[in-house]
Amino acid sequence: MRIIILGSGRGSNCKALLDAYESRMLGSSEIIAVFSDVSKSGIMEVARTVGIPGVYLGHYNPTNLKQDDYWISEIKEFQPDLVVLAGFMRILSRKFIQAFDSKIINLHPSLLPSFRGLNAIQQAFDAGVKITGCTVHWVTSELDCGKIIAQAPVRIMPSDTLESVTAKVHAAEHMLLPGVVSEISEGFHR
Ligand code: GAR
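Just so you know, we're using this note's numbering here: the sequence shown kicks off at 3 and counts up by one.
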């Protein structure tokens, strides 16, 4: 399976996936490239450090047809079997999602269907829930609504702060995402 990763931020989940790949947790699957809409992002640095192509594709706006077509054609060149959104902070167009039909998974920092959209960890913390977590799901054209593949829970204790909950959710993500990608590589969840 040819895997590509899209991200806009720190790249810690990309790093967790690359670590899993290096430890041969992903079987015969290959992580072939990382794409970003932010040139000086952590995720681009992660790709550079590991020595896999880190491709900055410029800004992504789903309503800009030219940009959308450019992104689709550049990514298609790599012929991915799986597109992993690991902190990709843009909403993809319907056309993009159809171009990689049933091949895109997204990592989201809440137990969906709760707390969709931006700042999900903060939303959960502010709501006072006692359990939050993270989700990996298939991407459809409705935001954070595709079929759930796997989730990991995180308890919020009275002593927790937004920072400590954030750290716990990220730690849970770093376990969940490589596990899911490994299972997909083995033919599960399709
Ligand atoms: C992760 O917490 C991921 O769940 C979140 O962005 C972070 C990326 O961190 N994604 C979303 O909020 C998407 N709606 P990273 O760049 O360190 O992997």
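Note that beta-carbon positions come from the ideal geometry of N, C-alpha and C, so glycine has one too.
Would you kindly check if the distance between the Cβ of residue j and the Cβ of residue i is under 9 Å?
i: L114; j: T137; result: yes
i: F117; j: V167; result: no
i: I6; j: F37; result: yes
i: E76; j: L59; result: yes
i: G11; j: M91; result: yes
i: A88; j: L28; result: no
Using the Cα positions of residue i and residue j, report the straight-line distance between them to the nearest angstrom.
i: L20; j: S31; result: 11 Å
i: D39; j: N63; result: 10 Å
i: I186; j: K68; result: 32 Å
i: L145; j: N108; result: 10 Å
i: I151; j: A101; result: 21 Å
i: V86; j: Q124; result: 23 Å
i: A129; j: L120; result: 14 Å
Take residue i and list the residues in its own chain whose beta-carbon comes closer than 7 Å to its own, dropping the five residues that flank it on each side.
i: A174; result: G135, C136, A154 and V156
Is it the case that the CB of residue i approaches a heavy atom of the ligand GAR more closely than 8 Å?
i: F90; result: yes
i: V171; result: yes
i: A122; result: yes
Quick one: residues in its chain with C-beta nearer than 6 Å to the C-beta of residue i, no 5 flanking neighbours on either side, listed in chain order?
i: G56; result: V36, M46, A49 and R50
Buried or exposed: which applies to residue i, given that a residue is buried once 16 or more other Cβ atoms fall within 10 Å of its Cβ?
i: P160; result: exposed
i: H61; result: exposed
i: L94; result: buried
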